[in-house]
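A.B. asks:
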Amino acid sequence: MGETRDIYPVGIFGDAFSVKGDVPVVDDEAPPTVLIGIRVGGKDSTELVVRGERKRVPQEFMQELASFLGDNLTVDYEERSFHGKPQSSFHKAVNVPDVVVFPKSQDEVRKIVMICNKYKVPIVPYGGATSIEGHTLAPHGGVCIDMSSMKKIKSLHLEDMDVVVEPGVGWIELNEYLKPHGPGATIGGMCATRCSGSLAVRYGTMRDNVINLQVVLPDGDVVKTGSRARKSAAGYTRTDPTSYKTKKTSFVRE
1 MGETRDIYPV GIFGDAFSVK GDVPVVDDEA PPTVLIGIRV GGKDSTELVV
51 RGERKRVPQE FMQELASFLG DNLTVDYEER SFHGKPQSSF HKAVNVPDVV
101 VFPKSQDEVR KIVMICNKYK VPIVPYGGAT SIEGHTLAPH GGVCIDMSSM
151 KKIKSLHLED MDVVVEPGVG WIELNEYLKP HGPGATIGGM CATRCSGSLA
201 VRYGTMRDNV INLQVVLPDG DVVKTGSRAR KSAAGYTRTD PTSYKTKKTS
251 FVRE
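Per the UniProt record's numbering, the sequence shown starts with residue 1, numbered consecutively.
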């Protein structure tokens, strides 16, 4: 029989909240959902379990956060559950954060960290939640710091080939931003070097994608190796830039 594992000691999910003044607070009187002795896996299971326990954060802590975060703070259960649940991880979530915050500046991050340190409240940084190692889990509750509001591209230094960004910037966004500035290969260089890359297995190398070349030979002659026609009575015309028979240096013009 395969091994099954228990989740313990206790994970408490507060599923309701109230508001005292302008400060949201997890409702102490609401009946919590208690997870204890839940078995996961089954025969030959290799699932990993994160075990944790949750201690409710003090109201003074919530008040200090709300004093400068305002609406950029939530104790909504759905929001906390989403942030405490691994999106792509094999690890199981046994707790959720007590509060999720959305700082918009380095100064706000600094204040959040200082307050958490003051009250000894755990911190879980949250980016795109693509980790498969359980980095966004909150086994002891605490504060989830969602960095999605900090997504400015502050400066680009082309001469030094570096860029200054905030942590919420997605790599696809950054790639699109940098694309017009290069660096990148040129068609002539790709022909001259029979360029290839990681997708060559699917799309072929440069030699497989060249129809014809117009080149300048060392003696000044201009040679066109084919036409734009994909097919004629003589068959397909396709130039292989690596098998040009002159055995002389040539300069790709078109």
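The C-beta atom is built at its ideal place from N, Cα and C for all residues, glycine as well.
Pull up the distance between the alpha-carbon of ASN117 and that of LYS154, whole angstroms please.
C.D. replies: About 29 Å.
A.B. asks: Helix, strand or coil, according to DSSP, for LEU193 in the structure here?
C.D. replies: One detail in the question is off: residue 193 reads as Thr in this sequence, not Leu. Reduced to three states, the DSSP call for THR193 is helix.
A.B. asks: Does DSSP classify SER81 as helix, strand or coil?
C.D. replies: Helix at SER81.
A.B. asks: Hey, how far is the Cα of TYR177 from the Cα of VAL163?
C.D. replies: Straight-line Cα distance between these residues: approximately 10 Å.
A.B. asks: Alpha carbon to alpha carbon, how far is TYR77 from LEU69? Give it in angstroms, no decimals.
C.D. replies: Rounded to whole angstroms, LEU69 to TYR77 spans 18 Å at the Cα level.
A.B. asks: For ASN209, does the count of other Cβ atoms within 10 angstroms reach 16, so buried, or fall short, so exposed?
C.D. replies: Exposed, since its Cβ has fewer than 16 Cβ neighbours within 10 Å.
A.B. asks: Around the Cβ of GLU159, are there at least 16 other Cβ atoms within 10 angstroms (buried) or fewer (exposed)?
C.D. replies: By the neighbour-count rule (16 or more Cβ atoms within 10 Å), GLU159 is not buried but exposed.
A.B. asks: When DSSP builds the beta bridges, which residues end up paired with VAL101?
C.D. replies: According to DSSP, which records beta bridges pairwise, VAL101 is partnered with LEU73, ILE145.
A.B. asks: Measuring CA to CA, which of SER148, HIS181, VAL216, GLU79 is closest to ALA192?
C.D. replies: Closest by alpha carbon: VAL216.
A.B. asks: Say yes only if the C-beta of LYS104 is nearer than 7 Å to one or more non-hydrogen atoms of the ligand COA, and no if none qualify.
C.D. replies: With respect to the ligand COA, the structure offers nothing, as it holds no ligand at all.
A.B. asks: Give me the Cα-Cα distance between GLU79 and GLN63, rounded to the nearest whole angstrom.
C.D. replies: So the two alpha carbons sit approximately 19 Å from each other.
A.B. asks: Just the C-alpha distance for GLY141 and LYS55, rounded to the nearest angstrom, thanks.
C.D. replies: Taking the straight line joining both Cα atoms gives about 7 Å.
A.B. asks: To which residues of the same chain is LEU174 closer than 8 Å at the C-beta, ignoring the five residues directly before and after it?
C.D. replies: Contacts found: ILE153, VAL163, VAL165.
A.B. asks: Reducing DSSP to helix, strand and coil, say where SER227 ends up.
C.D. replies: In the structure shown, SER227 sits in coil (DSSP, three-state: anything other than H, G, I, E or B).
A.B. asks: Return the bridge partner residues of ASP162 from the DSSP annotation.
C.D. replies: DSSP, once it has assigned bridges, lists HIS157 as partnering ASP162.
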